[in-house]
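Presented below is the structure to which this report refers.
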Amino acid sequence: MSADYWKSFWLSHAEKNKNSEPQMQVLRTLNQQPVSQEFFSSIVDSVITMLKPERGNNLLDLCCGNGLLTRELINKFRVVTAIDLSEEFISQVDKGIGDKVTALAADARTVELPEKSFDRILLYAGIQYFSDSEAINLLMRLRRWIRNEGSVVLGDIPDLTRKWKFFNSPQREGAYFDALRSGKPIVGNWFEPVWLEKLSYYSGFSSAVTRPQPQTHPYQHYRFDLVLSA
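Here it is, written out as structure tokens:
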């Protein structure tokens, strides 16, 4: 899987779909339709529960897309830094979101941020666009950016051990292999939970807790969340 493929994909997708329904813009869909407000509210509640924001905390929302989650988190934090590689998405984050948020168009693979500058870091539905080697480098950088006693939430991770619960019919299996042949994977990278847990300890985190997603989440049958403590 080429990292440049996903970068080109999202830059092109954001531009082509800038006037689309917001959930469609970030491909948070079910049966090719935007997820319901009920589903999205469940995701927001779960993210807040995992982040456990405290008074005075600051947040890094990495790969924030068009800021749908960012907007739901603003009032839980003192300040928020929102980063996405798409200038089109970042322009939407900037619209009417207030001066508590600093929005920056940058590639999460290469952006430079000060060490120990965040109390909480969120990467939701984004790690699947990183190769294994990029994920290793990313977690090591997240550990540098997070303050002592801080935590990182990696959310909505495709579970390698449940891949065939997503590609669950001959037609979907065929589409999966066709996409791989053409170099255009349908979901992105799939991660084994234990692999990410071991990587987290390798990167210097003190704990890594895998969390199954609530039944009220749209992708709970093949995705999981991971909470890391510095």
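Each position in the sequence shown, counted from 1, maps to that position plus 2 in this note's numbering. Each residue gets a CB set at the ideal place from its N, CA and C atoms; glycine is no exception.
{"Item": "S88 to E194 span [Cα, whole Å]", "Value": "28 Å"}
{"Item": "Nearest candidate by alpha-carbon position, reference F41, set Y221, A177 and F179", "Value": "Y221"}
{"Item": "Exposed unless 16 or more other CB atoms sit within 10 angstroms - verdict on I188", "Value": "exposed"}
{"Item": "Proximal residues to G190 (C-beta, below 6 Å), its chain only, five neighbours per side dropped", "Value": "Q130 and Y131"}
{"Item": "K54 to S44 span [Cα, whole Å]", "Value": "16 Å"}
{"Item": "Sub-7 Å separation of I148 and A232 beta-carbons", "Value": "yes"}
{"Item": "Residue ranges of each beta strand (DSSP E) within the region 152-187, 3 or longer", "Value": "none"}
{"Item": "First and last residue of the uninterrupted alpha helix (DSSP H) at T137", "Value": "As written in the sequence, residue 137 is Ala, which differs from the Thr given in the question. Taken as a continuous stretch (DSSP letters only), the alpha helix (DSSP H) holding A137 covers D134 to W147."}
{"Item": "E74 vs A16 beta-carbon contact at 7 Å", "Value": "no"}
{"Item": "Whole-number beta carbon distance between L124 and V155, since they are thought to touch under 8 Å", "Value": "5 Å"}
{"Item": "Beta carbon of A110 nearer than 7 Å to that of C65", "Value": "yes"}
{"Item": "Three-state secondary structure assigned by DSSP to Y224", "Value": "coil"}
{"Item": "Residues near I76 by beta carbon distance below 8 Å, same chain, minus five either side", "Value": "V82, I99, G100, K102 and V103"}
{"Item": "Among E175, D121, Y204 and Q215, nearest to S153 - alpha-carbon criterion", "Value": "D121"}
{"Item": "Alpha-carbon spacing of G185 relative to K165, whole angstroms", "Value": "18 Å"}
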